[in-house]
Ligand code: FES
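Encoded structure:
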């Protein structure tokens, strides 16, 4: 039975009855909308709040397969792995100025940020531009004969995974 089917209340003008029916309808609509909002908020609350991040720990290959002088450019992971005569180190490719992604420049043996022109040496030290500090070194280990970078763990600025050439 809807509000339209209600028998007219005795003693009320038809205009007053119409006004009451209208207010009843508006009130029901508002309650329904509030109920839907509450249900949506509850669903959002019980949904797992998980951030699916890309794997931050990854293998980059066997050390003996990387000749001295090589710079591995891991674009997707935003990491460089450098092989120098004494061993390996890993650098974050994220510019320390405002976070753009730097590029390896083979001809200059260094890294360049296209955003504001910062340059870094092969070791990650700032050589030009507004960058306030060196590229960050990342933890690099050997596991199961593979070089493994942990982009979630910082290493000391001059850390090196020592390895004979
Ligand atoms: S973000 Fe790299 S120089 Fe500004």
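In the working numbering, the protein residues as written are -16 to 148. All residues carry an ideal CB built from backbone N, CA and C; glycine is no exception. Note that this is a predicted model, so its numbers are computed, not measured.
Simplified DSSP state of residue 10, which is helix, strand or coil: When secondary structure is reduced to three states using DSSP, residue 10 falls in the helix class.
Taking 9 Å as the cut-off, decide whether the C-beta atoms of residue 150 and residue 72 are in contact. The question about residue 150 has no answer here: the residues shown for the chain are numbered -16 through 148.
Residue 133 (DSSP reduced to helix, strand or coil): If DSSP states are grouped into helix, strand and coil, residue 133 belongs with the strands.
Residue 150, DSSP secondary structure in three states: Any question about residue 150 goes unanswered here, given that the chain covers just -16 to 148.
When DSSP labels each residue in this structure, what does residue -4 get in the three-state scheme? For residue -4, the three-state secondary structure derived from DSSP is coil.
Is residue 76 near the ligand FES, in the sense that its beta carbon is under 8 Å from a heavy atom of that ligand? The answer is no for residue 76.
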